[in-house]
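These notes concern the structure reproduced below.
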Amino acid sequence: MCLGIPAQIKEIVDVDNQIAMVDLSGVSREVNIACVLDDTYQSEDLINKWVLVHVGFALSVVDEDEAHKTLKILDEIGELSATMDDLDQGSK
């Protein structure tokens with residue numbers, strides 16, 4: 000199973016190579032957008048859209064509400080994981 004992280008496309012960096020700059024939780028990253036380009040979305044149409052990113056590729060377009068819900072869940076999982084790590088360290 001792979002985990003896609005929501006990111007917002009901020010600009011198209013290279014139209015020919017299908018590369019966009021995204022904001023991934025406050026960090027700018029270049030990603031390949033080839034998987035999300037189709038009759039519905041051309042490069043320019045993707046600016047400010049939310050996508051799920053995995054290993055440098057935008058896999059699908061998601062709506063903003065879904066992106067925020069996913070980010071919140073991932074944040075909660077991270078907090079739970081940190082708490083479990085702390086508990087594990089305390090038992091040693």
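Quick note, the sequence shown lines up with residues 0 to 91 if you use numbering that gives the first Met the number 0.
We treat Cβ as the ideally placed atom computed from N, Cα and C, and that holds for glycine.
All values reported here derive from a predicted model rather than from experimental measurement.
Over the uninterrupted beta strand (DSSP E) stretch that includes residue i, give me the two end residues.
i	result
Q7	4–13
L45	Counting along the chain, L45 falls outside any beta strand (DSSP E), and DSSP gives it neither H nor E.
Report the three-state DSSP secondary structure of residue i (helix, strand or coil).
i	result
V54	coil
L23	strand
I76	helix
Check each candidate in the options and name the one with the smallest Cα separation from residue i.
i	options	result
V35	D22, V26, D64, V52	V52
G3	M83, V60, D87	V60
E65	D38, V50, D85, E78	V50
N16	S42, I76, D37	S42
R28	I76, E75, P5	P5
Do residue i and residue j have their CB atoms nearer than 8 Å?
i	j	result
S24	L70	yes
V21	G55	no
Using 8 Å as the limit for Cβ to Cβ distance, is residue i near chain D?
i	result
K71	Looking at the structure shown, chain D is missing, and only one protein chain is on hand.
Is the stretch 35–54 close to the stretch 6–21, with three or more CB pairs under 8 Å?
yes
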